Amino acid sequence: MAKRRSSAERAVREAAKRNPKAFFTAVIVILVIALIAAACWYFLVYKNRDEQSPGGDDSQNGGGTTVGDGNQTEIVSADLSIHFIAPAVKASGDCSLIKVGDTEVLIDAGPNKENTAEILDYLETYCTDNVLEYVIATHSDSDHISGFVGSSSGGKRNGIFYSDYRIETLIQFDRHKDNTALYRDYCEAVDQIREQGTQVYTGLQCWNSQDGAQRTYYLDDAQTVSMNILYNYFYDHDSDDNNNYSVCMLLSQELDGNTTNHYLFTGDLEKEGEEHLVEYNELPHVVLYKAGHHGSKTSSNDVLLKEITPEYVVVCCCAGYNQYGAAEENVFPTQAFCDRISAYTDKVYVTIMWDEDNNGFRDMNGDIVFYYGKGESETEKTLKLWCSNNMTVLKDTDWFRQNRTWGGE
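Everything in the sequence shown is counted per the working numbering, starting at 174 for the first residue and increasing by one.
Okay, here's the thing in structure tokens:
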């Protein structure tokens with residue numbers, strides 16, 4: 174039995190017979206209007222929802238910056254390289270090197286005096302002119318400044334400030350809490366390099382462009398790579414926590430007129446310091462963030478993370494090593510840190526780890542180097558990552574699976 178058509182269907186068929194050209198024109202117009210409405214609905218609803226989530230759809234895949242697998246042989250000739258030097262001792266501490274052409278910036282020299290020789294060996298490979306144009310001592314904790322002083326033997330010290338490296342500019346912390354023997358030795362070493370011609374400034378002097386210091390230092394002749402000293406509220410205010418006195422720096426690399434990569438270093442800045450950092454500075458989205466205070470539960474807070482939405486994160490610590498006899502919740506990198514950072518990226522790398530089997534330590538990722546250099550063609554350049562041990566992200570390591578959880582998993 175034939176299916177009976179509705180009155181509406183019959184009317185449509187009659188209209189098509191009477192004036193087919195007008196009928197099909199009307200159909201096309203209706204389809205176009207429907208497509209436009211659907212597109213508007215998508216952008217207003219789904220697109221807006223994606224943009225409002227932390228990190229957008231890229232929060233778990235490294236964001237919008239493509240970082241290729243690197244090769245150690247390319248690093249020396251790279252336009253820009255950022256090195257996180259793995260210590261050769263069982264301890265957490267910071268030591269980072271930035272290299273732009275023949276210009277080097279050394280940030281901190283931890284974690285202890287016994288690691289000084291390792292830092293000097295590393296510098297031999299990348300600072301071949303024996304000149305460190307800039308050194309930043311973020312704050313006075315031993316796991317950041319010990320290598321500047323080094324160990325004493327036969328009345329001589331082997332620290333970086335006593336080495337053959339000439340230091341042109343030192344940028345250091347404005348305040349400190351404890352008058353330790355190491356701090357006094359550090360001040361003595363600073364006096365020595367000052368006498369040798371080093372310009373010594375504090376973070377606040379740089380921010381104020383005062384006494385010869387600058388807020389922004391260009392690291393290349395073309396002025397495409399800049400080292401920007403940020404304002405930290407605790408440069409000129411007291412804090413109960415020495416970590417909050419950290420010198421904070423934003424490294425910016427202009428790739429073209431529309432694209433700039435940013436890399437953030439905050440020393441051991443804690444939550445209150447991070448809140449003020451966001452309050453007083455216009456912080457951009459960053460490709461790379463050196464996690465504050467070795468991945469502690471008191472740093473890398475949401476107030477900062479939601480502002481910088483980091484794509485890649487490096488933690489300078491000995492993962493799992495309870496160095497100070499702390500509660501498990503305070504062992505680096507902490508679960509609280511992992512919970513917060515997981516909302517933005519899973520591209521997290523760690524220098525070394527505690528090895529319980531032989532009561533020692535070993536590399537996790539080892540030396541971690543981000544560098545900008547040649548791509549697949551002679552004219553193309555790209556950001557790459559090389560690690561001396563492996564390229565495994567933190568959440569995929571055996572240590573992590575046994576000791577931490579990721580994103581509520």
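A virtual CB, placed ideally from N, CA and C, is assigned to each residue, including glycine.
Since the structure is predicted, the reported quantities are computational estimates derived from the model, not experimental observations.
Contact check, C268 vs I292, beta carbons under 9 Å: yes
DSSP state of V476 mapped onto helix, strand, coil: helix
In chain order, each alpha helix (DSSP H) run of at least 4 residues that lies wholly inside the segment 280-334: 289-299, 315-322
Limits of the alpha helix (DSSP H) - the one that R586 falls within: Residue 586 lies beyond the residue range present for the chain, which begins at 174 and ends at 582; the question has no answer from this structure.
Q134 burial status per 10 Å Cβ neighbour count (16 or more: buried): Past the boundaries of the shown model lies residue 134; the chain is included only from 174 to 582, so the question cannot be answered.
As assigned by DSSP and simplified to three states, the class of A509: helix
Burial state of T524, where buried means 16 or more other Cβ atoms lie within 10 Å: buried
Within 9 Å, strictly: CB atoms of V345 and A310: Residue identity check: residue 345 is Gln in the sequence provided, not Val. Taking 9 Å as the Cβ cut-off, Q345 and A310 qualify as a contacting pair.
N221 - DSSP class collapsed to helix/strand/coil: Because N221 carries a pLDDT of 38, less than 50, the predicted location of this residue cannot be relied on, and the following value inherits that uncertainty. Note: N221 maps to helix in three-state DSSP.
Range of the contiguous alpha helix (DSSP H) that encloses E445: 444-453
Three-state secondary structure assigned by DSSP to M567: According to the sequence shown, residue 567 is Leu rather than Met. The answer is helix: DSSP assigns L567 an H, G or I state.
Range covered by the alpha helix (DSSP H) that runs through Q372: Taken as a continuous stretch (DSSP letters only), Q372 belongs to no alpha helix (DSSP H), being part of the beta strand (DSSP E) at 372-375.
Three-state secondary structure assigned by DSSP to F196: In this prediction, F196 has a pLDDT of 48, which is less than 50 and means its spatial position is unreliable; what the coordinates show is noted afterwards. The answer is helix: DSSP assigns F196 an H, G or I state.
Three-way DSSP call (helix, strand, coil) for G274 in this model: coil
Helix, strand or coil at Q378 [DSSP, three-state]: helix
C-beta contact flag for G581 and D512 at 9 Å: yes
Contact set for V308: own chain, Cβ-Cβ below 6 Å, skip 5 residues either direction: L279, I340, L343
T246: first and last residue of the uninterrupted alpha helix (DSSP H) it sits in: 245-248
Collapsed DSSP secondary structure at S406 in the structure displayed: Per the sequence shown, residue 406 should be read as Tyr rather than Ser. DSSP places Y406 in helix when its eight states are reduced to three.
CB of I255 within 9 Å of CB of L424, strictly: yes
Outcome for R577 when other beta-carbon atoms lying within 10 angstroms are tallied against a minimum of 16: buried
C489 beta carbon less than 9 Å from that of K520: no
Check whether G493 and M526 have beta carbons under 9 Å apart: yes
Spatial neighbours of C560 in its chain, beta-carbon cut-off 8 Å, leaving aside the 5 residues before and after: Y522, N538, G539, D540, I541, V542
Status (buried if at least 16 other CB within 10 Å, exposed otherwise) for D384: exposed
Anticipated Cβ contact below 8 Å, L450 with N405, distance rounded: 6 Å
Between the CA atoms of V460 and T433 - distance to the nearest angstrom: 10 Å
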